[in-house]
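J.: First residue of the sequence shown? That's 5 in our numbering, and the numbers climb one at a time after it.
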Amino acid sequence: MRLKKSLIMMQAFGALAFSTAALAETSSDNVLSIQVEGRALTLYKEDEASVGTRTNTPIDETPQSIQVITQELIEDQAANEVTDLFRSMSGVSYFNYGIIKMRGFEQESQVLYDGVKGDPFRTFTIPQLFNIEEVQTLKGPTGALYGAGEAGGVINYVTKKPTYEQENTIELAAGNKDFLSGSVESSGPANEDGTQRYRVGIYSSSEDSYRNNVEEDNEIIDLGYAWDLSDDSTLTLQYTHFYQLGERVRGVPIDSDGNFLADSSWNSNEPDDYQEFESDIFQANLEHSINDWLDSNFTFRYYETEETQKYHQSRALTDTDSDGVDDAVTRQYRDQTRIYKGFDLASYFVADLGEHTIVTGADYHFASEDELFYYSGTTDGTSSTPSALSLTDPSYDDDVSAYDMSLNRDRSTDLNQAGIYIQDQWRATNKINLVTGARLDYIQEDVVDNDDGSDNASYDDIGYSARIGATYNMSLSV
């Protein structure tokens, strides 16, 4: 009886195993594969960027490190200015105000907007993100593509453009330290077929600080108009106005061991100190497809900026009561006005020749700076110079109008840069991609001392840059 039951059980398990194998064999071709990606991969990760080659190239096929901060990440971090994004940029560290360091090199001149030079922000000003779609960083030497600049890389701000679909946004925000901001944006088609499009954006913000005598106001007007001249040509016009009014701060005094000598709210500025920045930027871009394998791109960018700085600069620790302990800081008052003007012309052609993509182009950059700098000497105990400021009980009551002012410098600087370049992207195999390029640059800079001419100077030079790089895809499934 037991043997009979065992045979029945063996037959049942055998039939079940056979039917399961048969079902797997017949349905193996119909298995549904589902891949779920989180927010970071769908919204924060950009697969292509043009900053490394001037073509929309997959980042994995670009032989340089590229990072893209997308609009979604900017919004999710509630970032209002570029300093809010530094923590999200690998290899980037905060240096001072809007200036950063990339791979240890200070980045001040190598800043691009839509792939073109012409950065209106200088010294104490901080770039705002209201009109920025995304921030691209290209790390490492970039001379073969963009000409003279820092070895750490470049930052490219991609600005917001008019959209084909209607988008309307109103935002209000409030925070601690009396932060308050509001913005209105509208973008969309200006006619029925969408061949003409517009963008209007207005932004305003104000905030206080935990530091004494520090407030900041920002105003931005951003306008855009795009026109499809034909099926092969699009003209985009943009105008942006920036206004910043605020008091910038220096650090809190420390001793030789790095210990703070004053409260973190301490600041060397008087209540009437300020930094005022106003800039107007015009940009025009024409994209034209010449035929099915050759495209062209032309950009003109002009900016005009005026920046005024009136502030007290910390100079040295001092012992005001002769008890052997430093209890105050001497100060210097600085009155500076800088006017920046510049324009850029850039054009390039992209030829799609199958396995080879050839990019050739030329650009011209002009920038001028007029600087007028007065100062009142370091504290000497008289009312004609700034008073020493106590570390423990600061009294902000200096009369700036009583200071004796001296001219530090009055100079003008003109910079001219011109370059031509060529680049080849070769898809050697389905796994190997090579990028080669070369660029020739001419630079001329003239400095004029408007006071007595003693510091007049002139420089000019010609140089070339070249690069070669490759990527290898070890697995096509990766």
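A virtual CB, placed ideally from N, CA and C, is assigned to each residue, including glycine.
List the endpoints of the continuous beta strand (DSSP E) containing ASP367.
T.: ASP367 -> beta strand (DSSP E) spans 360-380.
J.: Count the other CB atoms within 10 Å of the CB of ALA26; is the residue buried (16 or more) or exposed (fewer)?
T.: At ALA26 the pLDDT is 48, less than 50, meaning the model places this residue with poor confidence; the figure from the coordinates comes in the next sentence. ALA26 should be labelled exposed.
J.: Run through DSSP, which three-state label would ALA148 get?
T.: Helix, per DSSP.
J.: According to DSSP, what are the bridge partners of GLU223?
T.: For GLU223, which the question treats as bridged, DSSP gives the partners SER208, TYR247.
J.: Kindly indicate the opening and closing residues of the beta strand (DSSP E) around GLU79.
T.: Looking at the DSSP string, GLU79 is not in any beta strand (DSSP E); the run it does join, the alpha helix (DSSP H), is 75-80.
J.: By Cβ distance below 7 Å, which residues in the same chain neighbour ILE178 in space, the five residues on each side in sequence not counted?
T.: With the sequence shown as reference, residue 178 is identified as Ala, and Ile is not the correct amino acid for it. Correct list, in chain order: LEU184.
J.: Quick one: what does DSSP say VAL452 is sitting in, helix, strand or coil?
T.: Here VAL452 sits in strand by DSSP.
J.: Spell out a yes or no on whether the stretch 241-252 and the stretch 272-281 are touching, meaning 3 or more CB-CB pairs, one atom from each, closer than 8 Å.
T.: Yes: at least three Cβ pairs fall under 8 Å.
J.: How about the stretch 111-127 and the stretch 157-174: do they share at least three Cβ pairs that are nearer than 8 Å?
T.: Because the criterion of three Cβ pairs below 8 Å is met, the stretch 111-127 and the stretch 157-174 touch.
J.: Please name the residue or residues paired with PHE353 in a DSSP beta bridge.
T.: Partner(s): SER300, THR364.
J.: Hey, quick one: how far does the beta strand (DSSP E) through ARG107 stretch, first residue to last?
T.: Per DSSP, ARG107 belongs to no beta strand (DSSP E) and is neither H nor E.
J.: Across the stretch 287-295 and the stretch 410-420, are there enough close Cβ pairs to call them in contact, namely three or more that are closer than 8 Å?
T.: Taking 8 Å as the limit for Cβ pairs, the verdict is that the stretch 410-420 does not touch the stretch 287-295.
J.: What are the partner residues of GLU308, as DSSP defines its beta bridges?
T.: Looking at the DSSP assignment, GLU308 forms a beta bridge with ASP284, LYS345.
J.: Are the stretch 260-267 and the stretch 294-311 touching by the rule of at least three beta carbon pairs closer than 8 Å?
T.: Result no; under three Cβ-Cβ pairs closer than 8 Å.
J.: Is the separation between the beta-carbon of GLN340 and that of GLU375 shorter than 9 Å?
T.: Yes, they are a contact pair.
J.: Looking only at its chain, what residues have a beta carbon closer than 8 Å to the beta carbon of GLY144, apart from the 5 residues adjacent to it on each side?
T.: Answer for GLY144: GLN68, SER69, ARG107, ALA155, GLY156, GLY157, listed in chain order.
J.: With 16 other CB atoms within 10 Å as the buried threshold, where does LEU77 fall?
T.: Its Cβ being crowded by 16 or more others within 10 Å, LEU77 is buried.
J.: Could you check where the beta strand (DSSP E) with ILE159 kicks off and where it finishes?
T.: 157-163 is the extent of the beta strand (DSSP E) around ILE159.
J.: If you draw a straight line from the alpha carbon of TYR243 to that of ALA194, how long is it in whole angstroms?
T.: Distance between the alpha carbons of TYR243 and ALA194 is about 17 Å.
J.: Please report the straight-line C-alpha distance between ASP323 and SER210, rounded to a whole angstrom.
T.: Cα to Cα, the separation comes out at about 38 Å.
J.: Between the alpha carbons of THR361 and ASP51, how many angstroms are there, rounded?
T.: The straight-line gap from Cα to Cα measures roughly 19 Å.
J.: CA-CA distance, SER469 and ALA83?
T.: Between SER469 and ALA83, the C-alpha separation is close to 36 Å.
J.: Can you tell me the Cα-Cα spacing of ARG431 and THR238, whole angstroms?
T.: Their backbone Cα atoms lie some 29 Å apart in a straight line.
J.: Could you check if ILE174 is buried or exposed, using at least 16 other CB atoms within 10 Å of its CB as the buried criterion?
T.: It is exposed - the Cβ of ILE174 has fewer than 16 other Cβ atoms within 10 Å.
J.: Mapping DSSP to helix, strand and coil, what is GLU154?
T.: Reduced to three states, the DSSP call for GLU154 is coil.
J.: Alpha carbon to alpha carbon, what distance is there between LEU444 and PHE355?
T.: Before going on, a small fix: residue 355 reads as Ala here, not Phe. Roughly 20 Å between the two C-alpha positions.
J.: Pull up the DSSP beta-bridge partners for TYR337, would you.
T.: Its beta-bridge partners are HIS316, SER380.
J.: Pop quiz: GLN421 and VAL363 are said to be a contact at Cβ under 8 Å. What is the actual Cβ separation, rounded to whole angstroms?
T.: Incorrect: roughly 19 Å between the Cβ atoms, too far for contact.
J.: According to DSSP, is SER462 helix, strand or coil?
T.: DSSP places SER462 in strand when its eight states are reduced to three.
J.: Does the Cβ-Cβ distance between ASN222 and SER213 come in under 9 Å?
T.: No, they are not a contact pair.
J.: Could you give the first and the last residue of the continuous beta strand (DSSP E) run that contains PHE183?
T.: Unbroken beta strand (DSSP E) run through PHE183: 183-193.
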